[in-house]
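*Asks:* According to mature numbering (1 follows the signal peptide of the UniProt record, and there is no 0), the residues represented by the sequence shown are -24 to -1, 1 to 203, in order. Where is the CB? At the ideal position from N, CA and C, for every residue including glycine. Nothing here was measured: the structure is a model prediction, and the numbers come from that model.
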Amino acid sequence: MKLISISFLSKLLILQYLSIQCLSDDFDFFYFVQQWPGAYCDTKHSCCYPKTGKPIADFSIHGLWPNYKDGSWPSNCDPDSTFDKSQISDLIKNMEKHWPSLSCPSSNGFRFWSHEWEKHGTCAESELDQHEYFETALKLKEKVNLLQILKNAGIEPNDEFYSIDNISEAIKEATGFTPGIECNRDSARNSQIYQVYMCVDTSGSNLIECPLLPKSRCGDQIQFPKF
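(1) CA-CA distance, isoleucine 68 and histidine 74?
(2) Which residues mark the beginning and the end of the beta strand (DSSP E) in which arginine 161 is found?
(3) Once the 5 residues before and after serine 179 are set aside, which same chain residues still bring their CB inside 7 Å of it?
(4) Got a sec, what are the start and stop residues for the alpha helix (DSSP H) leucine 114 sits in?
(5) Could you compute how far the alpha carbon of leucine 183 sits from the alpha carbon of methionine 174?
(6) Sorted by chain position, which residues of the same chain lie with C-beta nearer than 8 Å to glutamate 136's C-beta, five sequence neighbours on each side aside?
(7) In the DSSP assignment, the beta strand (DSSP E) including asparagine 43 goes from what residue to what residue?
(8) So, helix, strand or coil for proline 126, using DSSP?
(9) Sort out for me which residues DSSP pairs tyrosine 138 with in a bridge.
(10) Tell me the residue span of the beta strand (DSSP E) that contains cysteine 175.
(11) Let me know if glycine 97 comes out buried or exposed under the rule of 16 or more other beta-carbons within 10 Å of its beta-carbon.
(12) Just to confirm, are isoleucine 125 and isoleucine 147 a CB contact at a threshold of 7 Å?
See the structure below:
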């Protein structure tokens, strides 16, 4: 009986150590991810507009995700740190505009934001508290105005096809950094611009060159669908 108790205590101590170790590991950079709603909605999953109505035709925030340089990432780092909308009450109107949820069923965004905070934001608490996390993403959205950048390069959301190299180069020329571009495929199997990844330092303030870019799964020519 005594041996069993010691064994159980040892396992408990090991689990506590691993838990603390996980929480104390610093991440290396953020992925700041914006998505094009026209591509999100033009898939077999379709989409549902939020309760506030159809979002504006602009790239919207998907998330601000801590990552490691080896390609892995931390997630759900603090189960005790739950999403609290009262902490971001001054940001909600801006978030409804720039960080809407397009998943079904239609929602007010709280479920989406809660997921982003609890899965990703809690892993950045050493740098950003809950309010700072969402505010930082909104500021990055303002800094990286993808739609305007692409329009300035003659690349419009008009269902036309554009060279992925031209899209990437336009973003790099405007921001100074190479983006990661992720595509989806519509029902006709057309490759479409879906998400754009920019890398940000751990303070959330400065764009940096990506240590690692996500796999694009894009063709050479990709569609920029209307929304």
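*Replies:* In short, the structure shows the following:
(1) The alpha-carbon atoms of isoleucine 68 and histidine 74 are separated by roughly 10 Å.
(2) For arginine 161, the uninterrupted beta strand (DSSP E) run begins and ends at 156 to 161, by DSSP.
(3) Within the same chain, serine 179 has close Cβ partners Glu103.
(4) Per DSSP, the unbroken alpha helix (DSSP H) holding leucine 114 starts and ends at 106 to 119.
(5) When only Cα atoms are considered, leucine 183 and methionine 174 end up about 7 Å apart.
(6) Cβ neighbours of glutamate 136 beyond the five flanking positions: Gln199, Phe200.
(7) According to the DSSP assignment, asparagine 43 belongs to the beta strand (DSSP E) that extends over 36 to 43.
(8) The sequence shown places leucine at residue 126, not proline. Reduced to three states, the DSSP call for leucine 126 is helix.
(9) According to DSSP, tyrosine 138 bridges with Ile198.
(10) First-last of the beta strand (DSSP E) with cysteine 175: 167 to 176.
(11) Residue environment analysis places glycine 97 among the buried positions, since at least 16 neighbouring C-beta atoms fall within 10 angstroms of its C-beta.
(12) Note that the C-beta distance between isoleucine 125 and isoleucine 147 is below 7 Å.
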